[in-house]
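Novice: Have a look at this one.
Protein chains: 2
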Amino acid sequence: MSIRLKDIAAALGISISTVNAALQNRSDISKATRARVLKKARDLGYRPNWVARSLVTQKTQIIGVVVPDLSRSFFSQVIKGIDMVASAKGYHLLLCNTDEDPAREDEEVSTLIGKQVDGLIIGSAHPAGECAVWRRLEQSGVPIVLVDRWFPKTHFVGGDDEQIGFLATEHLIQQGYRRIAHIRGPNLSTAIGRLNGYKKALRKHKMPIKRGYVREAGYHTEAGGYGATVDLLRFSSPPDAIFAASDPIAVGALDATQKYGLSLPDDIGLIGVGNMQYGQYLTVPLSTVDQQRIEIGSKAASLLIDLITGKAKGNTRPVLIEPKLIVRTSSSRRSQ
Amino acid sequence: MSIRLKDIAAALGISISTVNAALQNRSDISKATRARVLKKARDLGYRPNWVARSLVTQKTQIIGVVVPDLSRSFFSQVIKGIDMVASAKGYHLLLCNTDEDPAREDEEVSTLIGKQVDGLIIGSAHPAGECAVWRRLEQSGVPIVLVDRWFPKTHFVGGDDEQIGFLATEHLIQQGYRRIAHIRGPNLSTAIGRLNGYKKALRKHKMPIKRGYVREAGYHTEAGGYGATVDLLRFSSPPDAIFAASDPIAVGALDATQKYGLSLPDDIGLIGVGNMQYGQYLTVPLSTVDQQRIEIGSKAASLLIDLITGKAKGNTRPVLIEPKLIVRTSSSRRSQ
DNA sequence: CTGTTAGCGCGTTCAA
DNA sequence: TTGAACGCGCTAACAG
């Protein structure tokens, strides 16, 4: 069906390896034959067969990317960042969606290694602390960079979650809020880090950390944020501000506070994480912390490619991307 | 580095092809040896090398996916739909981003074919009418399904854009709006189809189609929507409703109308396309037309896999997905 | 039932 | 400067 080296060799009456040498621009081939080969190759529409090439070179120029949910804006932007540097360096992306299922993740990683990817970038669905998986994978020899969710002794690129939590909480304190609640995410390093940052800021200002002021919700459902907020508002001493671990949670919180007749930012302050698109066009423009998603992706790809090409060594210092605070109406108290 | 058939054959003192037959669950192998092979394979951590397998089977179980922008929510959801059916049928996705550049698209498609993908799904960056490209690709023998943006004589899955335009405009008319403007997208089949639907609805109700009431903006920038709306509002007889070709355009329009002190839906009506996330939480909840993105992706993948496996024939009837009208505040006029 | 043989398309020796 | 020969890891035909 498609043109092979053999075909263009036959058409020219020369050998396959000469054609090959010519196409590789090797110096030990005469200008004349190179020109003939190049022309014939173009005429015939020759396209190198990468499967065959990969079999001998042991390189596919393919990076496996495994994420919990392709369609979530966080991951789709991280992937964009990955692709920006990967495609520039001649790599393609082989994609897998795990639906937040650790078992499926392990399976997919295994088949990707079977597909001979040169390296892997993984946003893991494993709960924080489940570290044995990564030890097993080391033997395969395929370099792996984790993104977003951190595990010990791995190559990692992601947001500085403790800093995210600290920035957000500190900001609320500066705005004069005093009873600050936190709606946290599930048991992943990201949620844990943000929670720690929240506590750190409260401690710094000698404010009490009330147990009841920390509630949990899924990361990407506004319904969870809504429910948690309703719970918080029913307290005998309800909070005067909420640090939501994600923008979707914050949107749910926003909805709940408004249904309760509270007005932001005066009755209650609110800040999320993620800098979602159109956050400034919500009923109340939403303050948030930007994780720098594209940068997370591009840094991860750079690191991985350095690992693949041997430019980076095996030491596993985590790369933490500095978050940016984005202040909008929802947390900008007019009266201190 | 990794285990081959040869290694497990050697470890068991049998031949490679016996091992192979056992692993393939072929019926002409004794239960005993199959069991021994399976056990040894598991112990050694054998993973089939897909590159080698693909070279002989001429199948990679990989679908190439080429889109203008990975991070746009439209495409990331279409990709999710593709992945849902592809992964269920044992295919992986090889991703390419073209940044809306037709030249880059052609290049990427060519290298993907070189990578021996079993089929391609393309959201093309070529302007409507540039059809020669697809003719050239037919020779490669690799099945191709286009998504979102239609071209003649190709396999296609996408929204029914004329129906989208018709639904939106008809809805505005039903709500009592009489001077309906349209902010259209760029020169792609989607924008053209929506424009045609808009005109069709106006004609049906014997309403005039004013040239000045149709303005163009980029699909995915609210800035374009903002500018176009400002232009419309400055008219001597400004419109009393706007059909925006996309939700981002509609968000820009919403912003502009509010800066002009107009209140929706009474002073002016507004509807977009895309059913963006959190559209109901905008300052005015946004009416929109849902294109059914996931379904576009999954239908495209089904069709492509049928083409690959020979279950579908070469006839190229376009598959149009029925849009759904979603009515929210921005177009719900209280007083007729 | 099992082993032998021959390729898939390409890159890389080494001779000529 | 060019060509012949071998092997990457696997599948598939055929022989025993």
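Line by line, the protein sequences give chains A and B.
Residue numbers for the first sequence follow our numbering, beginning at 1 and rising by one.
Residue numbers for the second sequence follow our numbering, beginning at 1001 and rising by one.
Glycine included, each C-beta is placed from N, C-alpha and C at the ideal position.
A quick note: this is a predicted structure, and the numbers were derived from the prediction, not measured.
#1: Since residue 49(A) meets chain B, which of its residues come closer than 7 angstroms, beta carbon to beta carbon?
#2: From residue 138(A) to residue 62(A), what distance separates their C-alpha atoms?
#3: Quick one: list the residues of chain A neighbouring residue 1019(B), beta-carbon separation under 7 angstroms, in chain order.
#4: Quick one: Cα of residue 189(A) to Cα of residue 74(A), how far?
#5: Of the residues 278(A), 94(A), 83(A) and 89(A), which one's Cα is nearest the Cα of residue 1087(B)?
#6: Flag residue 79(A) as yes if its beta-carbon sits less than 8 angstroms from any beta-carbon of chain B, otherwise no.
#7: Could you say which of 1237(B), 1140(B) and 1264(B) lies nearest to residue 1113(B) if we only look at CA atoms?
#8: Going by DSSP in three states, residue 274(A) sits in which element: helix, strand or coil?
#9: Once the 5 residues before and after residue 169(A) are set aside, which same chain residues still bring their CB inside 7 angstroms of it?
#10: Should residue 1151(B) be labelled buried (16 or more other beta-carbon atoms within 10 Å of its own) or exposed?
#11: In three-state DSSP terms, what is residue 1217(B)?
#12: Under the DSSP definition of a beta bridge, which residues are partnered with residue 288(A)?
#13: With 16 other CB atoms within 10 Å as the buried threshold, where does residue 1156(B) fall?
#14: Measuring only the C-alpha atoms, how far is residue 187(A) from residue 128(A)?
#15: Quick one: give me the first and last residue of the alpha helix (DSSP H) that residue 1304(B) is part of.
#16: May I have the straight-line CA-CA distance separating residue 250(A) from residue 222(A), to the nearest angstrom?
#17: Do residue 1247(B) and residue 1268(B) have their beta-carbon atoms positioned less than 8 angstroms apart in this structure?
#18: Could you work out which residue in 253(A), 260(A) and 310(A) is closest to residue 286(A) when comparing CA atoms only?
#19: Compile a chain-ordered list of the residues in the stretch 1187 to 1216 of chain B whose CB is closer than 8 angstroms to at least one CB of chain A.
#20: Comparing alpha-carbon positions, which option in 1318(B), 1303(B) and 1007(B) lies nearest residue 1311(B)?
#21: What is the DSSP secondary structure of residue 75(A), counted as helix, strand or coil?
#22: Can you find a C-beta in chain B that's less than 8 angstroms from the C-beta of residue 106(A)?
#23: Could you tell me which chain B residues have their CB closer than 7 angstroms to the CB of residue 275(A), listed as they occur along the chain?
#24: Along chain A, which residues have their Cβ under 8 angstroms away from the Cβ of residue 1052(B)?
#25: Please report whether the beta-carbon of residue 1315(B) lies at a distance below 8 angstroms from any beta-carbon of chain A.
#26: Below 8 angstroms on the Cβ atoms is my contact criterion, and I expect residue 1352(B) with residue 1296(B) to pass it. Report the Cβ-Cβ distance as a whole number of Å.
#27: Taking the alpha carbon of residue 1131(B) as the reference point, which residue from 1121(B), 1146(B), 1120(B) and 1085(B) has its own alpha carbon closest?
#28: Rounded to whole angstroms, what is the Cα-Cα separation between residue 1208(B) and residue 1321(B)?
#29: For residue 120(A) versus residue 45(A), is the C-beta distance shorter than 8 angstroms?
#30: Tell me, please, whether the CB atom of residue 1076(B) is closer than 8 angstroms to any CB atom in chain A?
#31: Could you check the C-alpha separation between residue 1154(B) and residue 6(A) for me, to the nearest Å?
#32: Excluding the five sequence neighbours on either side, which residues of its own chain have a C-beta within less than 7 angstroms of the C-beta of residue 125(A), listed in chain order?
#33: Can you list, in chain order, the residues of its chain whose CB lies under 7 angstroms from that of residue 1016(B), leaving out five sequence neighbours each side?
#34: Residues of the stretch 1259 to 1293 of chain B with a CB closer than 8 angstroms to any CB of chain A: list them in chain order, please.
#35: Since I believe residue 288(A) is in contact with residue 339(A) (beta carbons under 8 angstroms), could you give me their beta-carbon distance rounded to a whole number of angstroms?
#36: Measure from the C-beta of residue 1097(B) to each C-beta in chain A and report whether the shortest distance is under 8 angstroms.
Specialist: Taking the structure as given:
#1: Translated into the one-based positions of the first sequence, residue 49(A) becomes position 49. Simply 1114 and 1116.
#2: Here residue 138(A) is taken as the residue at index 138 of the first sequence, counted from 1. Here residue 62(A) is taken as the residue at index 62 of the first sequence, counted from 1. One C-alpha to the other measures close to 19 angstroms.
#3: The residue you call residue 1019(B) lines up with position 19 of the second sequence. Contact note: residue 1019(B) does not reach chain A at a C-beta cutoff of 7 angstroms; the least C-beta distance is about 16 angstroms.
#4: Position 189 of the first sequence holds residue 189(A). Position 74 of the first sequence holds residue 74(A). Answer to the nearest angstrom: the Cα atoms are 16 angstroms apart.
#5: In the second sequence, counting from the first residue as 1, residue 1087(B) sits at position 87. Measuring from the Cα of residue 1087(B), the nearest candidate turns out to be 94(A).
#6: Within the first sequence, residue 79(A) is the residue found at index 79, counting from 1. Yes, contact with chain B.
#7: The count along the second sequence starts at 1 and reaches residue 1113(B) at position 113. It is 1140(B).
#8: Stepping through the first sequence from its first residue, residue 274(A) is reached at position 274. Three-state DSSP puts residue 274(A) in coil, outside helix and strand.
#9: As a working note, residue 169(A) is residue 169 in the first sequence. Closer than 7 angstroms at the Cβ level, and outside the excluded window around residue 169(A), lie 180, 197, 198, 201, 202 and 243.
#10: Here residue 1151(B) refers to the residue found at position 151 of the second sequence. Flag for residue 1151(B) reads buried.
#11: Start at 1 with the first residue of the second sequence, and residue 1217(B) comes out as number 217. Reduced to three states, the DSSP call for residue 1217(B) is coil.
#12: Counting from one through the first sequence, the residue named residue 288(A) turns up at place 288. Note: residue 288(A) sits in a beta bridge opposite 272(A) and 326(A).
#13: Taking the second sequence and counting its residues from 1, one reaches residue 1156(B) at position 156. Its Cβ being crowded by 16 or more others within 10 Å, residue 1156(B) is buried.
#14: Residue numbering aside, residue 187(A) sits at position 187 when the first sequence is read from its first letter. Residue numbering aside, residue 128(A) sits at position 128 when the first sequence is read from its first letter. Between residue 187(A) and residue 128(A), the C-alpha separation is close to 6 angstroms.
#15: On the second sequence, position 304 is the one that residue 1304(B) refers to. Start and end: 1293 to 1309.
#16: What you label residue 250(A) is simply residue 250 of the first sequence in a count that begins at 1. What you label residue 222(A) is simply residue 222 of the first sequence in a count that begins at 1. When rounded, the distance between both Cα atoms is 7 angstroms.
#17: The sequence position of residue 1268(B) within the second sequence is 268, counting from 1. The sequence position of residue 1247(B) within the second sequence is 247, counting from 1. Cβ atoms of residue 1268(B) and residue 1247(B): not closer than 8 angstroms.
#18: If you number the first sequence from 1, residue 286(A) lands on position 286. Among 253(A), 260(A) and 310(A), the Cα nearest to that of residue 286(A) belongs to 253(A).
#19: Result list empty, no residue passes.
#20: Along the second sequence, read from residue 1 onward, the residue named residue 1311(B) stands at position 311. Looking at the Cα atoms, 1303(B) is the closest of the given residues.
#21: Indexing the first sequence from 1 puts residue 75(A) at position 75. Helix, per DSSP.
#22: As a position in the first sequence, residue 106(A) is number 106, starting the count at 1. So no, residue 106(A) is outside the interface.
#23: Along the first sequence, one-based indexing puts residue 275(A) at 275. Going along chain B, no residue has its Cβ under 7 angstroms from residue 275(A), so there is no contact; the nearest lies around 13 angstroms.
#24: Sequence index remark: in the second sequence, residue 1052(B) carries index 52 (1-based). Within 8 angstroms Cβ-Cβ: 55.
#25: As a working mapping, residue 1315(B) is identified with position 315 in the second sequence. Not closer than 8 angstroms to any Cβ of chain A, the Cβ of residue 1315(B) fails to qualify, so no.
#26: As shown, chain B starts at 1001 and ends at 1336. That puts residue 1352(B) outside it, with no answer to give.
#27: Position 131 of the second sequence holds residue 1131(B). For the residues 1121(B), 1146(B), 1120(B) and 1085(B), the minimum Cα distance to residue 1131(B) belongs to 1146(B).
#28: As a first step, residue 1208(B) is located in the second sequence; it is residue number 208 there, counting from the start. As a first step, residue 1321(B) is located in the second sequence; it is residue number 321 there, counting from the start. Those two C-alpha atoms are separated by around 29 angstroms.
#29: Counted from its first residue, the first sequence places residue 120(A) at position 120. Counted from its first residue, the first sequence places residue 45(A) at position 45. Against a cut-off of 8 angstroms, the Cβ pair of residue 45(A) and residue 120(A) comes out as no contact.
#30: Counting from one through the second sequence, the residue named residue 1076(B) turns up at place 76. By this cut-off, residue 1076(B) is an interface position.
#31: Stepping through the second sequence from its first residue, residue 1154(B) is reached at position 154. Stepping through the first sequence from its first residue, residue 6(A) is reached at position 6. So the two alpha carbons sit approximately 32 angstroms from each other.
#32: Taking the first residue of the first sequence as position 1, residue 125(A) is located at position 125. If we look at residue 125(A) and ignore the five residues flanking it on each side, its Cβ neighbours are 68, 98, 100, 101, 102 and 105.
#33: For this step, residue 1016(B) is matched to residue 16 along the second sequence. Close CB contacts of residue 1016(B) within its chain, under the 7 angstroms cut and outside five residues either way in sequence, are with 1005, 1006 and 1009 (chain order).
#34: So the close ones are 1276, 1277, 1278, 1281, 1282 and 1283.
#35: Nothing about residue 339(A) can be read from this structure; chain A reaches only from 1 to 336.
#36: For this step, residue 1097(B) is matched to residue 97 along the second sequence. At least one chain A Cβ lies under 8 angstroms of residue 1097(B).
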